[in-house]
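Trainee: Pasting a structure here, questions to come.
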Amino acid sequence: MRSPEAVRARQLHTRHGLRPPVDVVGLAACYGLDVEWLRLSDQVAGLLLREGPRYLVVVNSRAPQGRQRFTVAHELGHFFLHSRDQRYFLCTYGLQGRFEREADRFASELLMPAAAVRRLAAAMRVEELLSYFGVSREAMAIRLKELGLEAGAGPAGG
0 MRSPEAVRAR
10 QLHTRHGLRP
20 PVDVVGLAAC
30 YGLDVEWLRL
40 SDQVAGLLLR
50 EGPRYLVVVN
60 SRAPQGRQRF
70 TVAHELGHFF
80 LHSRDQRYFL
90 CTYGLQGRFE
100 READRFASEL
110 LMPAAAVRRL
120 AAAMRVEELL
130 SYFGVSREAM
140 AIRLKELGLE
150 AGAGPAGG
């Protein structure tokens, strides 16, 4: 069964012709979201704020690049899935309420579409998958596990 979060992410792929690595900041801009990077607590990945009619995504600038991209995608998930329910979302590491799980599923599908991961996992090493999708090792490990896959050994002789 396809989750509504994954369906919404795939709709965005189709509507915008998205290809990995997805330009999450550009996608946010298409929907009027501003993205800013600030030094936040080590416990905070990012947040989504509604300021009047505008939305602001704040990303922890101290996080690694792949984590920052996932955070923007996660906050986009809150925007598309939950913005009618709350004015702001503070996303901390380890927080796992329903909205957080849904935003994570959205971000995973947006950044690492299941069909593409299934197609490439057997032929690519983990490092190649990380580079291709522009995600962290942790995000890719979780995605591969969710899909019941393992990364391949890659081409022989390499």
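Numbering (numbering that gives the first Met the number 0), first residue to last: 0 to 157. Positions of the beta carbon are idealized from the N, C-alpha and C atoms, including for glycine.
Excluding the 5 residues flanking Ala120 on each side, which residues of the same chain have their C-beta closer than 8 Å to its C-beta?
Mentor: Residue mapping note: residue 120 aligns to position 121 of the sequence shown, counting from 1. Taken in chain order, the residues that qualify are Leu128, Leu143, Leu146, Leu148, Glu149, Ala150, Gly151.
Trainee: Comparing alpha-carbon positions, which option in His81, Ala62, Val43 lies nearest Tyr54?
Mentor: Here the question's residue 54 lines up with position 55 in the sequence shown. Tyr54 has its Cα closest to that of His81, out of His81, Ala62, Val43.
Trainee: Check whether the Cβ atoms of Ala138 and Thr91 sit closer than 8 Å, and answer yes or no.
Mentor: Counting from one through the sequence shown, the residue named residue 138 turns up at place 139. Counting from one through the sequence shown, the residue named residue 91 turns up at place 92. Their beta carbons are not under 8 Å apart, which means Ala138 does not touch Thr91 by this criterion.
Trainee: Please state the DSSP three-state secondary structure of Gly65.
Mentor: The count along the sequence shown starts at 1 and reaches residue 65 at position 66. Here Gly65 sits in helix by DSSP.
Trainee: Alpha carbon to alpha carbon, what distance is there between Phe69 and Leu134?
Mentor: Against the sequence shown, residue 134 aligns to sequence position 135. Against the sequence shown, residue 69 aligns to sequence position 70. The amino acid occupying residue 134 in the given sequence is Val; Leu does not appear at that position. Roughly 7 Å between the two C-alpha positions.
Trainee: Taking Cβ positions, are Leu75 and Leu37 nearer each other than 8 Å?
Mentor: As a first step, residue 75 must be located in the sequence shown, where it is residue number 76. As a first step, residue 37 must be located in the sequence shown, where it is residue number 38. It is not a contact, given that the beta carbons lie outside the stated cut-off.
Trainee: Determine the closest residue to Leu48 out of Gly65, Cys29, Ser60, Val71, with distance taken between C-alpha atoms.
Mentor: If you number the sequence shown from 1, residue 48 lands on position 49. Of the candidates Gly65, Cys29, Ser60, Val71, the one whose C-alpha sits nearest the C-alpha of Leu48 is Val71.
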